[in-house]
Amino acid sequence: MSVTLTPVWDLDTIFPGGSDSKEYREHVQQIREDITLLSQQVTHINLSSINLDEWAKLFINLEKLQKEFREASAFVSCLSAQDVKDEQANLLVAERSDLLAEMEGLITLIDQKVAGVPEKEWEELISTPELKELDFVLREKRDKAQKQLSKEVEMLKNDLSVDGYHAWNQMYGTIVGKMNVELEEDGEIKAYSVGQAANKANHPDRKNRKYVFDQMSKAWKKDADLISQTLNHLAGFRLQTYKHYGWDNVLKEPLEKNRMKQETLDAMWGAIERNKHHFVKYLDRKAELLELDKLSVYDIGAPIGKKEEKKSYSDGAAFIVNHFAKFSPKMADFAQMAFEKNWIEAEDRPGKRPGGFCTSFPNSEQTRIFMTYSGTSSNIATLAHELGHAYHQHVMNDVNGLNQRYAMNVAETASTFAEMIVADASVQSAATKEEKRSQLEVKIQRSIAFFMNIHARFLFETRFYEERKKGMVSVDRLNQLMVEAQKEAYCDRLDEYDPNFWASKMHFHITGVPFYNFPYTFGYLFSLGIYKHAQEKGGSFEDDYIVLLRDTGRMSVEELAQKHLHVDLTKDGFWEEAISLCVEDVETFLQL
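Heads up: the sequence shown at position 546 corresponds to 546 in full-length UniProt numbering, and the numbers run straight through without jumps.
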């Protein structure tokens, strides 16, 4: 890849004209018309006389409609992320919530019909050639529908969520979008977005790191009272919903959404906790290298040794494509296409929302990646991560749309697997001992993130929800819960923690996916299992990997692992073996 790449995405190939796009308006109008037509079709279905052709047509139309909605939703996500001050885009976000409520109302109608089909006729229905490939998702839909409240109550919940549940998420986005972090540079005070400031948080100089950390903390504290309202009310909406469903366990919904058993989650965290002492050794050694008694939270990502060399966007892209090619030529070809067709928004500029994501346009069979790139190894890892997501969708483009809705934990498998390819190749291609140590640390940083940072998020969120059942949780108590969770997750090995993390981490405020934390760790370790399997199989694994990805939307994670890796995720063995690969990195690092 010798061309100079532009780090700004092209959205006009989806809908030209940005937030004022006429084509987008027409697309949304078509969605509304299709919702009306499909609602009429569902209403006229007679449960006393099952018409197989009628049902097959229903699910064909549902697939088409869901793809249309995902296309529109992804476009709005891109618009609102690239410019948080685009008022028209913010209006489209609100409109999307209304449209989502209409979609969820339609799904409720379909679910009620699905639940009402007699068992004998149901088995006959899903065994028809037209619907056989949808066996898993339709059974899942029926099981969920049979546990729902009445149609009227479900519809009311969907309607109220627009200006209740989802509105709190939008409010959080508005608050963060208006935030600035003031940093003094070269004798001048400059205002940065929180995303830009975060890219400055791992400066080689500790005084600079602490300064950026303190300034960011000051910004989050300033709006903590507002953000505590968004978090409390969002959680309150969830808990009220759970109460009416008769659910006591706050993990019931996230586990079901991730098609995952409690036993699997317990086995994973148990294996991690038994192995944390290895990673504590790394934290202690890093503190010595930085000439500190203990690391603080802002030291964890600090570089060691020589100042990190930054790569231009074009060089970072070439680095990723070259390393992808060593494992999977198909994935490398896809990544190169994504770069050359400007599917990636990576420009380092103010006004963008923080973080990174990948979103899919199923009708266009395209994806878009969002991040802020400043040339660091962490940025390259993030870019590889999001390209893993994009490749996952790419290989599923010809899969039935209803089978494309894979859960977050397996979505994070593809992304962390792509990260692993680049990280491992970076270590192996290191020219010097110093470089190898530096690249190894990048790998270990990921383990620290998934085993400690994510664990802290999980511990905080489970405890916060238990307290929220009793009433509103104050800012001071949220800070306290956050620090307690971080102390436990990091084995009390840090000197200073981040009490504001509950406010700064957007994932706590996302409504689409509850407990936006443990799926990351699952994906990381599951990807390590796949990676080891790939190494053992050699060059023949590329096609096997594609088959595994194509199955992610039509089976539970336990079934997926059993079919493709022949392992039981509810047992300790798989998790211990995956973690052992991370422990090897720590041991090699300590030797170096």
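All C-beta atoms, glycine included, are put in the ideal place defined by N, C-alpha and C.
Does residue i pass the burial test, meaning 16 or more other C-beta atoms within 10 Å, or should it be called exposed?
i: residue 12; result: exposed
i: residue 199; result: buried
i: residue 36; result: exposed
i: residue 189; result: exposed
i: residue 331; result: buried
i: residue 396; result: buried
i: residue 209; result: buried
i: residue 28; result: buried
i: residue 591; result: exposed
i: residue 472; result: exposed
i: residue 445; result: buried
i: residue 529; result: buried
i: residue 108; result: buried
i: residue 382; result: buried
i: residue 44; result: exposed
Less than 8 angstroms between the CB atoms is what I'm expecting for residue i and residue j, so what's the real figure, rounded?
i: residue 527; j: residue 413; result: 5 angstroms
i: residue 234; j: residue 298; result: 28 angstroms between Cβ atoms; not a contact.
i: residue 391; j: residue 423; result: Incorrect: roughly 16 angstroms between the Cβ atoms, too far for contact.
i: residue 115; j: residue 146; result: 5 angstroms
i: residue 347; j: residue 8; result: 5 angstroms
i: residue 483; j: residue 465; result: Contact doesn't hold; Cβ gap of about 18 angstroms is too wide.
i: residue 366; j: residue 553; result: About 19 angstroms; that fails the 8 angstroms criterion.
i: residue 407; j: residue 257; result: 6 angstroms
i: residue 182; j: residue 215; result: 6 angstroms
i: residue 85; j: residue 351; result: 6 angstroms
i: residue 95; j: residue 158; result: Actually they are not in contact, since the Cβ atoms of residue 95 and residue 158 sit about 16 angstroms apart, beyond 8 angstroms.
Considering only their Cβ atoms, is the gap separating residue j from residue i smaller than 8 angstroms?
i: residue 354; j: residue 195; result: yes
i: residue 77; j: residue 359; result: yes
i: residue 31; j: residue 75; result: no
i: residue 79; j: residue 296; result: no
i: residue 319; j: residue 335; result: no
i: residue 345; j: residue 380; result: no
i: residue 568; j: residue 560; result: no
i: residue 416; j: residue 270; result: no
i: residue 148; j: residue 111; result: yes
i: residue 364; j: residue 154; result: no
i: residue 180; j: residue 219; result: yes
i: residue 525; j: residue 260; result: no
i: residue 457; j: residue 481; result: no
i: residue 160; j: residue 55; result: no
i: residue 287; j: residue 294; result: yes
Residue i to residue j, Cα distance in whole Å?
i: residue 213; j: residue 23; result: 43 angstroms
i: residue 437; j: residue 532; result: 22 angstroms
i: residue 142; j: residue 547; result: 26 angstroms
i: residue 255; j: residue 409; result: 10 angstroms
i: residue 593; j: residue 476; result: No answer is possible for residue 593: the residues shown for the chain start at 1 and end at 592.
i: residue 130; j: residue 543; result: 26 angstroms
i: residue 321; j: residue 4; result: 14 angstroms
i: residue 512; j: residue 73; result: 12 angstroms
i: residue 478; j: residue 499; result: 8 angstroms
i: residue 387; j: residue 137; result: 26 angstroms
i: residue 118; j: residue 502; result: 47 angstroms
i: residue 226; j: residue 509; result: 13 angstroms
i: residue 263; j: residue 572; result: 10 angstroms
i: residue 311; j: residue 38; result: 51 angstroms
i: residue 582; j: residue 411; result: 21 angstroms
i: residue 514; j: residue 49; result: 39 angstroms
i: residue 17; j: residue 87; result: 15 angstroms
Where do the ends of the alpha helix (DSSP H) carrying residue i lie?
i: residue 372; result: Note, residue 372: premise wrong, no alpha helix (DSSP H); not H, not E.
i: residue 264; result: 262-289
i: residue 443; result: 433-448
i: residue 181; result: First-last for residue 181: 181-185, but that is the beta strand (DSSP E), not the alpha helix (DSSP H).
i: residue 379; result: 377-395
i: residue 175; result: 165-177
i: residue 482; result: 475-489
i: residue 6; result: Counting along the chain, residue 6 falls outside any alpha helix (DSSP H), and DSSP gives it neither H nor E.
i: residue 550; result: 541-551
i: residue 347; result: Where residue 347 is concerned, there is no enclosing alpha helix (DSSP H), given that its DSSP letter is neither H nor E.
i: residue 415; result: 408-428
i: residue 254; result: 252-257
i: residue 337; result: 329-340
i: residue 103; result: 87-116
i: residue 24; result: 22-43
i: residue 13; result: Counting along the chain, residue 13 falls outside any alpha helix (DSSP H), and DSSP gives it neither H nor E.
Which residue marks the beginning of the beta strand (DSSP E) containing residue i, and which one marks its end?
i: residue 65; result: Where residue 65 is concerned, there is no enclosing beta strand (DSSP E), although the alpha helix (DSSP H) it sits in stretches over 52-82.
i: residue 360; result: 357-361
i: residue 192; result: 188-192
Any heavy atom of the ligand ADP closer than 7 angstroms to the beta-carbon of residue i?
i: residue 232; result: Looking at this structure, you won't find the ligand ADP or any other ligand, since it has none at all.
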